[in-house]
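Just so you know, the protein sequences line up as chains C and S, in that order.
Sequential numbering of the first sequence, starting at 1, is according to this note's numbering.
Sequential numbering of the second sequence, starting at 1001, is according to this note's numbering.
Working notes for the structure below.
Protein chains: 2
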Amino acid sequence: MKTLKVALLGCGNVGSHVARILLDDADELAARTGARLELVGIAVRSPDAPRDVQLPRGLFTTDAEELVRGADVVIELMGGLEPAGTLIRQAIAGGAAVVSGNKALLARQLPELSALADTAGLQLSYEAAVAGAIPILRLIRDSLSGDRVTKVMGIVNGTTNYILDAMDSTGAQFADALAEAQRLGYAEADPTADIEGLDAAAKAAILATLSFHTPFDLGDVHCEGITGVTAADVAAARDAGMVIKLLAIAERVEGSGGEEGICVRVHPTLLSRDHPLAAVHGAFNAVFIEAENAGELMFYGQGAGGRPTASAILGDVVSAARRVVVGGRGRTETTTGNVRAVPIDDIQTSYSIGLEAKDETGVLAAIARIFTEHGVSIEAMRQTTHPADAGQTDSATLRFITHTGRESALAATVEDVRRLPVVREITSVLRVEGN
Amino acid sequence: MKTLKVALLGCGNVGSHVARILLDDADELAARTGARLELVGIAVRSPDAPRDVQLPRGLFTTDAEELVRGADVVIELMGGLEPAGTLIRQAIAGGAAVVSGNKALLARQLPELSALADTAGLQLSYEAAVAGAIPILRLIRDSLSGDRVTKVMGIVNGTTNYILDAMDSTGAQFADALAEAQRLGYAEADPTADIEGLDAAAKAAILATLSFHTPFDLGDVHCEGITGVTAADVAAARDAGMVIKLLAIAERVEGSGGEEGICVRVHPTLLSRDHPLAAVHGAFNAVFIEAENAGELMFYGQGAGGRPTASAILGDVVSAARRVVVGGRGRTETTTGNVRAVPIDDIQTSYSIGLEAKDETGVLAAIARIFTEHGVSIEAMRQTTHPADAGQTDSATLRFITHTGRESALAATVEDVRRLPVVREITSVLRVEGN
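Written out as structure tokens, the structure is:
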């Protein structure tokens, strides 16, 4: 039986589980692959740093470039743009198949790295970069290759789903739910990348690239985080039979010129509680896909964690190694589509708008007039009048849900409503999906 | 650009959609595949029969053997064992990649057909055979190839899920729900294969074969249908916060000799309403997987229907055609495991037992003694006393849920309880999963 040399770059939580499985399950992996997968080394900055999993000290090296040389399969789990990007290029130049879980890098350089691997006839796989253990990329790339995806909506960030789910089930404010998530290890000390939607945006770019066979990068993604979501928003959603989720969305839309394009976006979204994505709790991830022939599909699983993510990495490693064993070129991406990215202004969506207004006659008429001027129609309105706080006149809380309209018209409506003298504050603007 | 000859065998609901997509989306499929997919003919018994989709008359032929000769990809959608099996063998002998949706055939001959394709270096794909549009086979085969599956539980028959879901939401009896399903086209005029669990059993054998890398066939599957499920069972499940689903289950278990094996089974099952599978409504399918590293995964989508199933077929066709384009051997199955099939007697499970007993003192004690004799402990009991029907003495309805125990002990307990003079009738025995 052939032996393939596997080089591991990075040994954090995921990497240490990958190493453990390669060592502990070597016989089973060999039987499935048709070749022995020999872990030849692990490149890290500090070979003596403490790790979750006990691994042979002799495997560690600080010389990643040397390790990559001569490897058959390189697993890149360093994260960050450099030196990860350079090492992946060196691995491809040296003839190795590459498996990466580095979403930050891939969201920026996937088309370029895919082209390099393709030219060399090598496989580049990155299942773990989106939705952890859920094999969503393979599904989109292979299983739906004979279909046409029309829309992808994903809960792809476990931290924000944990926070929003906790706000929904306990009524907590955002700051308290975030603090609890940090205490329990679901959010990092610096949670910016998660709560501002940046992590989800990187995954959205990768999902869109595969789903629509066209390169998209982070710059194409409209991104809003969840820091503005309040306990009042969550309570109002609940009253309306809905739930707020941070969704990564990529969909075919008609651009302002009438031609087809793809809008890629991340924002907090109101969803009916009947929608399959509404039932995704805690730190779980899920991706909901609409395809022309397949109809509705949903895939659910753990989005993070050392063991689940290691499972996705190993799936890629076995697949790449089998390809080496049976011969032939690596699987290539098809970026044959040439649809363009469409800005969010051009999409059709509906808004939920919450505001505080003076409680006096004519307020609703004034607001409704502005909706009409922008051609936006109101599907539902709910008003709660409450006694003023000390020193204020009476105030009314209003929540509108619009019918579907163009984002630019909806946004302009909100701006004009905000300028009305009778309106004290726009407290919330959320898009609604899944109706 | 290369042109690949595609032969289609069978043109029912799925086949006609496959043909339509091959013809209508030819350019897009060519871009993704790297070769043009030319539909060279459609073998049917009656070329002039009316079809759902308008297709060129010149494509139809009654000579399937001639059509298979010289094809690069053969799509078999005839169903049944023969002539489908012979034609697939001829296709492989002639050097064609084969895509089949024929679960009846595959449940009996998958290991043999896989071996033939493997020896010839050709791809044999059959995504559409299990769970329609859900690409579950590719997931198990490829994405989880670096992990170890411990349990698979699937709702893989849309007809029975439609019936059970209707019974749950309307309180209908089985016969009425079946009649309604037939009226709406969700059940066939002869519903035997669905309601007796045989269709699900065929899919269970295929799921088990891929999940555990070991050949299993229909004879290894313990099979119970849903004809015995009553409105009273469904109502009692609802009272207990549960729902009844027909599940196809394959799991690693310890056999009676202490060695590991796989138990494959289909039966109506009580599931907590919190379980992800409980939220699968109507004719939708879903497969829930537990793997050592990936943890819990679930995949949801349409299980039947011409367009969704055609999407799965086309995914296989594009994948097989890409392989022909880039060269190298077809993907091979790994049936390297050698775990044996374990009879259901050996599994650990828990029972829900419903019975009618005489309403007199000492009944519960008599029943409890039998449980104790078999080493089975009771987790919950609920008693409903009701006035007797005319001519009967008073009767009591009892429902027990047991703790986990060996199936053989649970079954023996039921038999001994049945023989008690105070017990009028065992009305229901259901296994409980997902606790």
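The beta-carbon is built from N, C-alpha and C at its ideal position, and this holds for glycine as well.
Note that the structure is predicted; figures quoted are calculated from it, not measured.
S/I1140 sits close to S/L1207, with the two beta carbons spaced by under 9 Å. A distance below 9 Å separates the beta carbons of S/V1014 and S/G1306.
Scanning its chain for C-beta atoms nearer than 8 Å, with the 5 sequence neighbours on each side dropped, one finds around S/S1350 the residues E1379, I1401, T1402, H1403, T1404, G1405, L1410, R1431, V1432 and N1435, in chain order. S/E1254 sits exposed, since fewer than 16 C-beta atoms from the chains shown fall within 10 Å of its C-beta. Using a CB distance cut-off of 9 Å, S/N1293 counts as an interface residue toward chain C.
Take the alpha-carbon of S/D1345 and the one of S/K1203: they are about 21 Å apart.
Taking the CA atoms as reference points, S/K1358 sits about 51 Å from S/N1293. Against chain S, the CB of C/I42 has no partner CB under 9 Å away; the residue lies outside that interface. Closer than 9 Å to the CB of C/E296 there is at least one CB belonging to chain S. Linking S/D1165 to S/A1128 through their CA atoms gives a straight-line distance of about 23 Å. In this structure, S/T1170 lies away from S/A1200, with their beta-carbon atoms at least 9 Å apart. Close to C/L29, with beta-carbon spacing below 9 Å, are these residues of chain S in chain order: S1145 and G1146.
Residue pairing by DSSP leaves C/S114 without any beta bridge partner.
Residue burial is scored here from C-beta neighbours: C/G301 has at least 16 other C-beta atoms within 10 angstroms and is therefore classed as buried.
When Cβ-Cβ separations below 9 Å define contact, C/P111 makes no contact with chain S. At the C-beta level, S/K1245 and S/I1155 come within 9 Å of one another. Nearest Cα to S/D1274 within the set S/V1234, S/V1243 and S/L1067: S/V1243.
Contact of S/G1315 with chain C by beta-carbon distance below 8 Å involves D142, S143, L144, S145, G146 and D147. Excluding its 5 nearest sequence neighbours in each direction, C/R20 has C-beta neighbours in its own chain below 6 Å: V53, listed in chain order. At a Cβ-Cβ threshold of 9 Å, C/I347 and C/E251 count as neighbours.
Of S/S1145, S/S1272 and S/I1163, the smallest CA-CA separation from S/H1213 is found for S/S1145. Residue state for C/F288 is assigned as strand, using DSSP reduced to three classes. For C/P47, the closest Cβ of chain S is not nearer than 9 Å.
Under the criterion of beta carbons closer than 8 Å, S/P1308 and S/G1132 qualify as touching, at roughly 5 Å. Nearest in C-alpha terms to C/M153, of all of C/S211, C/L23 and C/E82, is C/S211.
A Cβ-Cβ separation of about 16 Å leaves C/V221 out of contact with C/V287 under the 8 Å criterion. One thing to note: C/L67 has its Cβ no nearer than 9 Å to the Cβ of C/A84. Looking at the DSSP output, S/V1266 bridges to S/C1223 and S/A1248. For C/V363, the enclosing alpha helix (DSSP H) stretches over residues V363 to E373. Annotation for S/S1016: the continuous alpha helix (DSSP H) segment containing it runs N1013 to D1024. C/V317 and C/G121 have their alpha carbons spaced roughly 16 Å apart. Put simply, the backbone Cα of C/N285 is about 45 Å away from that of C/E360. DSSP places C/A129 in no alpha helix (DSSP H); its state is neither H nor E. Under the three-state reduction of DSSP, S/Q1173 is assigned to coil, being neither helix nor strand.
Nearest neighbour of S/G1258 by Cα position, chosen from S/R1340, S/V1006 and S/D1416, turns out to be S/R1340.
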